[in-house]
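J.:
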Amino acid sequence: MSRLIFGVIAVVVTGCFSPRTHYYSLAPIELTQPIRVSGLPLQISHVSIPAVLDRESLVEWTRTGELKMSDTNRWAAPLDEMIRDVLAADLRHKLPGLVLLPGDPIETGETRVIVVNVMHFAPDDSQRVVMLADWSLMSGQPAEPILTRSETIKLPISSDQSSEVVPTMSEAVAILSDRIAYAIHAENPSNVSGSVLNMPS
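In my numbering, the protein residues as written are 1 to 201.
#1: In or out: L100 buried (at least 16 other Cβ within 10 Å) or exposed?
#2: Apart from the five residues on each side of it in sequence, which residues of its chain come closer than 8 Å, Cβ to Cβ, to D125?
#3: Since I114 and L42 should fall inside the 8 Å C-beta cutoff, what is the C-beta to C-beta distance between them, to a whole number of angstroms?
#4: Between I184 and the rest of its own chain, which residues show a CB-CB distance below 6 Å, the 5 nearest in sequence each way excluded?
#5: Return the chain-ordered list of same chain residues with a C-beta closer than 6 Å to the C-beta of D28, the five sequence neighbours on each side being excluded.
#6: Distance check for S48 and E56, CA to CA, integer angstroms please.
#7: Assuming contact is defined by CB atoms lying nearer than 7 Å, are V129 and T168 in contact in what I supplied?
#8: G97 to Q33, Cα distance in whole Å?
#9: How about R92 and I44: do their beta carbons lie closer than 7 Å?
#10: How far does the alpha helix (DSSP H) with E164 in it reach, from first residue to last?
#11: Are there 16 or more other CB atoms within 10 angstroms of the CB of M69, so buried, or fewer, so exposed?
#12: Let's see if you can read the secondary structure: which residues bound the beta strand (DSSP E) around A27?
#13: Assign V37 to one of two classes, buried (16 or more other C-beta atoms within 10 Å of its C-beta) or exposed (fewer than that).
#14: How about A143 and L155: do their beta carbons lie closer than 7 Å?
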């Protein structure tokens with residue numbers, strides 16, 4: 001009996017001293033002024049990420065190719081869904097009145113869709129966050145790509161603390177949204193009103 005009681009107490013004590021789990025989420029950031037663009041509605045239809053990123057834990061790369069997965073810092077939702085939702089919100093700010101958010105009703109008629117393939121998106125031990133992504137603007141029935149780009153975004157960080165890394169990752173998504181908006185504008189500048197700022201690097 002005494003052994004059983006000791007075992008229960010040991011489990012409780014160990015649980016009390018377990019490291020606290022922190023949950024993080026990407027968030028929209030308004031980096032630049034909106035562009036007034038007319039045209040068919042836009043929707044982020046799909047964001048794909050590699051299997052190595054499709055996990056609950058935050059991931060860090062090292063120069064030797066080693067992956068470091070945190071035991072205490074986790075994503076509050078699937079990373080691909082967060083990228084899609086935040087990218088849509090950032091684009092909606094950049095292209096007001098044109099972008100549909102996930103769950104918005106789709107009106108009858110043609111809608112252009114944006115498909116994003118994220119090949120890499122994580123901090124590394126060079127004190128930076130790196131995003132490598134391809135995206136395509138699709139239109140028509142059946143949908144075919146009318147615009148395709150590859151993006152490389154590198155942002156410095158001063159530490160590997162998740163409280164700094166995650167906001168920097170949100171900034172990378174905001175920069176991606178700006179690049180998409182400017183690329184769409186460049187393809188059809190006659191449909192734009194208002195001032196256009198320099199595209200962020």
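Think of the CB as a built atom: it goes at the ideal place given N, C-alpha and C, for glycine as much as any other residue.
Quick caveat: nothing in here was measured; it's all calculated off a predicted structure.
T.: Here's the rundown:
#1: On the sequence shown, position 100 is the one that residue 100 refers to. That one is buried.
#2: Within the sequence shown, residue 125 is the residue found at index 125, counting from 1. Cβ within range, chain order: E60, W61, T62, R63, D160.
#3: By one-based count along the sequence shown, residue 114 stands at place 114. By one-based count along the sequence shown, residue 42 stands at place 42. The pair is a contact, with the Cβ atoms about 6 Å apart (cut-off 8 Å).
#4: On the sequence shown, residue 184 is found 184 positions in, with the first residue counted as 1. None.
#5: To locate residue 28, count along the sequence shown from 1; it is residue 28. First, the amino acid is wrong: residue 28 is Pro here, not Asp. Closer than 6 Å at the Cβ level, and outside the excluded window around P28, lie V86, A89, D90.
#6: By 1-based counting over the sequence shown, the position of residue 56 is 56. By 1-based counting over the sequence shown, the position of residue 48 is 48. One Cα belongs to E56, the other to S48, and the distance between them is close to 16 Å.
#7: The residue you call residue 129 lines up with position 129 of the sequence shown. The residue you call residue 168 lines up with position 168 of the sequence shown. Yes; because the gap between Cβ atoms is below 7 Å, this pair is in contact.
#8: Taking the sequence shown and counting its residues from 1, one reaches residue 97 at position 97. Taking the sequence shown and counting its residues from 1, one reaches residue 33 at position 33. About 14 Å.
#9: Taking the first residue of the sequence shown as 1, we reach residue 92 at position 92. Taking the first residue of the sequence shown as 1, we reach residue 44 at position 44. Taking 7 Å as the Cβ cut-off, R92 and I44 do not qualify as a contacting pair.
#10: Reading the sequence shown from its first residue, position 164 is the one you call residue 164. Its alpha helix (DSSP H) spans residues 162-187.
#11: Numbered from its first residue, the sequence shown carries residue 69 at position 69. With fewer than 16 other Cβ atoms inside 10 Å of its own Cβ, M69 counts as exposed.
#12: Residue numbering aside, residue 27 sits at position 27 when the sequence shown is read from its first letter. In the DSSP annotation of this structure, A27 is not part of any beta strand (DSSP E), being labelled neither H nor E.
#13: Start at 1 with the first residue of the sequence shown, and residue 37 comes out as number 37. A buried status is given to V37, since no fewer than 16 other beta-carbon atoms sit within 10 Å of its beta-carbon.
#14: In the sequence shown, the residue the question calls residue 143 occupies position 143. In the sequence shown, the residue the question calls residue 155 occupies position 155. Contact: no.
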